[in-house]
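Undergrad:
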Ligand code: MN3
């Protein structure tokens with residue numbers, strides 16, 4: 001998230017067929033190699049002609065897009081968000097068998113949601129409740145308090161730190177699940193890489209007291 005222009009497409013951290021049958025190879029090839037790649041390319045094209053912003057980190061571009069010149073603003077909002085969000089999305093999935101949150105995330109989930117079933121219900125409500133394209137998020141603040149929220153389009157939940165995200169754009173599921181977003185959510189939930197999400201949470205806690213904004 002601290003990388004800056006020129007941005008590169010991170011490789012998929014597992015095989016294209018590694019998440020089958022929950023997410024099939026065709027879905028992952030289009031989602032990673034076409035959609036994610038298109039956000040990377042579009043962001044680079046925008047910044048190619050704006051050298052003053054080539055040193056901005058991805059996180060800073062997502063946080064401060066409103067400070068950019070008018071001709072860059074909406075493009076950076078959409079495409080920096082697209083890069084940031086897809087990086088986390090693919091990084092927090094893994095092949096079966098299913099995993100579970102580890103301390104200290106495990107305790108935080110218990111406090112905030114009464115357990116994993118409560119977190120799942122909140123994420124499902126956010127994912128299915130997002131009208132049109134967008135994302136459902138598990139976030140933490142700097143005190144380690146968890147929350148679930150949704151965002152439209154490619155907006156991020158920053159400055160809350162995102163730990164886990166469910167992409168509910170139709171490009172994430174339509175080839176396999178058509179209009180059945182709920183079935184896609186259930187498949188996605190099975191694939192969550194909880195050791196990775198737990199590590200991200202522990203990293204956020206270790207960064208207290210608050211880091212300066214980029
Ligand atoms: Mn997507």
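Numbering (the working numbering), first residue to last: 1 to 214. For every residue, glycine included, the Cβ atom is placed at its ideal position computed from N, Cα and C.
Kindly list the residues whose CB is nearer than 7 Å to the CB of residue 120, restricted to its own chain and excluding five residues on each side of it in sequence; keep chain order.
TA: Excluding positions up to five away in sequence, the list reads 189.
Undergrad: In terms of residue numbering, what span does the alpha helix (DSSP H) encompassing residue 164 cover?
TA: Where residue 164 is concerned, there is no enclosing alpha helix (DSSP H), although the beta strand (DSSP E) it sits in stretches over 161 to 167.
Undergrad: Nearest-angstrom Cα distance between residue 77 and residue 25?
TA: The alpha-carbon atoms of residue 77 and residue 25 are separated by roughly 29 Å.
Undergrad: Between the alpha carbons of residue 103 and residue 67, how many angstroms are there, rounded?
TA: Residue 103 and residue 67: Cα-Cα distance of roughly 38 Å.
Undergrad: Determine the DSSP secondary structure at residue 68, reduced to helix, strand or coil.
TA: In the structure shown, residue 68 sits in coil (DSSP, three-state: anything other than H, G, I, E or B).
Undergrad: For the candidate residues 7, 148, 159 and 182, whose alpha-carbon lies nearest to that of residue 123?
TA: With distances taken between Cα atoms, residue 123 lies closest to 148.
Undergrad: Looking only at its chain, what residues have a beta carbon closer than 7 Å to the beta carbon of residue 10, apart from the 5 residues adjacent to it on each side?
TA: Counting only Cβ-Cβ distances below 7 Å, and skipping sequence neighbours, we find 87.
Undergrad: Pick helix, strand or coil for residue 133, following the three-state DSSP scheme.
TA: Residue 133 falls in the coil class under three-state DSSP.
Undergrad: I want to check one thing, is the minimum distance from the CB of residue 167 to the heavy atoms of ligand 1 below 7 Å?
TA: Flag set: Cβ of residue 167 near ligand 1.
Undergrad: For a quick check, are the C-beta atoms of residue 5 and residue 45 less than 8 Å apart?
TA: No, the pair does not count as a contact, with Cβ atoms beyond the cut-off.
Undergrad: Put residue 171 into one of helix, strand or coil per three-state DSSP.
TA: Note: residue 171 maps to helix in three-state DSSP.
Undergrad: Under 7 Å Cβ to Cβ from residue 115, same chain only, skipping five residues before and after it: list those, please.
TA: Here the set comprises 109.
Undergrad: Please report the residue range of the alpha helix (DSSP H) in which residue 149 lies.
TA: Looking at the DSSP string, residue 149 is not in any alpha helix (DSSP H); the run it does join, the beta strand (DSSP E), is 146 to 152.
Undergrad: Shortest alpha-carbon distance to residue 187 belongs to which of 196, 61 and 94?
TA: Answer by Cα proximity: 94.
Undergrad: Could you tell me if the beta carbon of residue 172 falls within a distance shorter than 7 Å of some heavy atom in ligand 1?
TA: For ligand 1, at least one heavy atom lies less than 7 Å from the Cβ of residue 172.
Undergrad: Just to confirm, does residue 94 get its C-beta within under 7 Å of one of the non-hydrogen atoms of ligand 1?
TA: Every heavy atom of ligand 1 is 7 Å or more from the Cβ of residue 94, so no.
Undergrad: If the criterion is Cβ atoms closer than 8 Å, does the pair residue 127 and residue 166 meet it?
TA: Yes. Within cutoff.
Undergrad: What are the residues that DSSP puts in a beta bridge with residue 139?
TA: Answer is 147 and 162.
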